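Chemist: Pasting a structure here, questions to come.
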Amino acid sequence: MNMKIPFGKIPYVYPIPITLLGANVNGKPNYATIGDLGLMGINPALVCVSSHRDHYTNVGILENGTFSLNFPTTAMLAASDYCGVVSGREADKGALFENFYGELGTAPMIRACPVSLECRVLQEFSVQHRQMFLAEVHCAYVDEACLVEKDGKKQIADLTRLDPILYALDNRYYAIGQPIGMGYSEAKKFIREKP
Ligand SMILES: Cc1cc2nc3c(=O)[nH]c(=O)nc-3n(C[C@H](O)[C@H](O)[C@H](O)COP(=O)(O)O)c2cc1C
């Protein structure tokens, strides 16, 4: 058995889905690349993002109380990385994409992303230089080409179709692999066969 080595305070949660955090800043769409986000619950539908307090995007989130999370495909890798190295203070990142708005009216979303979440901030708090935005998902927008019919109902297609960009703390981007099982089901075999 290998030794397990203490390796310091590294939040090595992996993999991380890359998202483009959208907000209207001074009435114009802006996007920042964000890896530090979490799913906080399915019902109610909650997410939390952690964004450096100096980011231009935060100005819009605080102003409107809304933001979007857009999940780019691997074909959007270069533009997604660009949104993470250039600030909206220097470049018009909203002009990179076709934007649309949902019911909330102030959370810009990217049409080319298969899934966009329109979010309303419930709580904002800071830890050191990090601003956390805990939000409810007001509405998820899904590209109709990424909806499939199952048991007479529309469902969101599997991740191989959504083709997300994954990121890890080795600073590499990855593509998704193949599904290997079903949630809440794999345990059945384990329970049957466990000694
Ligand atoms: C792969 C990647 C992941 C990033 N993740 C985060 C993050 O989770 N939180 C954060 O505050 N900044 C993150 N950044 C940095 C911001 O996206 C970057 O500073 C951006 O230019 C801010 O844009 P803005 O000033 O227009 O808001 C990331 C950048 C990259 C390339």
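Going by numbering that gives the first Met the number 0, the final residue of the sequence shown carries number 194, and the count climbs one at a time with no gaps. Heads up, the beta-carbon is just placed ideally off N, CA and C, and yes, glycines get one too. If you're wondering where the values come from, they're calculated on a predicted model, not measured in any experiment.
Check whether the segment 128-140 touches the segment 81-92, counting contact only when three or more Cβ pairs, one atom from each stretch, lie closer than 8 Å.
Modeler: Counting C-beta pairs closer than 8 Å gives fewer than three between the segment 128-140 and the segment 81-92, which falls short of the contact rule.
Chemist: Mind checking whether the beta-carbon of Asp169 lies closer than 7 Å to any heavy atom of ligand 1?
Modeler: no
Chemist: Around ligand 1, which residues pass a check of Cβ closer than 5 Å to any of its heavy atoms?
Modeler: Ala31, Thr32, Ile33, Gly34, Asp35, Ser50, His51, His54, Tyr55, Thr56, Gly83, Ser86, Gly87
Chemist: DSSP puts Gly37 in a beta bridge; with which residues?
Modeler: Cys47
Chemist: My output table needs one value for Lys3: the three-state DSSP class, helix, strand or coil.
Modeler: The answer is coil: DSSP assigns Lys3 none of H, G, I, E or B.
Chemist: Can you tell me which of Leu165, Tyr183, Ile179, Phe189 puts its alpha carbon nearest to the alpha carbon of Thr73?
Modeler: Leu165
Chemist: How big is the Cα-Cα spacing for Pro16 and Met0?
Modeler: 32 Å
Chemist: Rounded C-beta distance between Thr106 and Phe66? I'm assuming under 8 Å.
Modeler: Residue identity check: residue 106 is Ala in the sequence provided, not Thr. With a beta-carbon spacing of about 6 Å, Ala106 and Phe66 fall inside the 8 Å limit used to define contacts.
Chemist: Please list the terminal residues of the continuous beta strand (DSSP E) segment that includes Lys152.
Modeler: Segment 152-155, the beta strand (DSSP E) holding Lys152.
Chemist: Any idea which residues DSSP pairs Val126 with across the strands?
Modeler: Arg129
Chemist: Whole angstroms are fine: how far does the CA of Asp150 sit from the CA of Ile190?
Modeler: 28 Å
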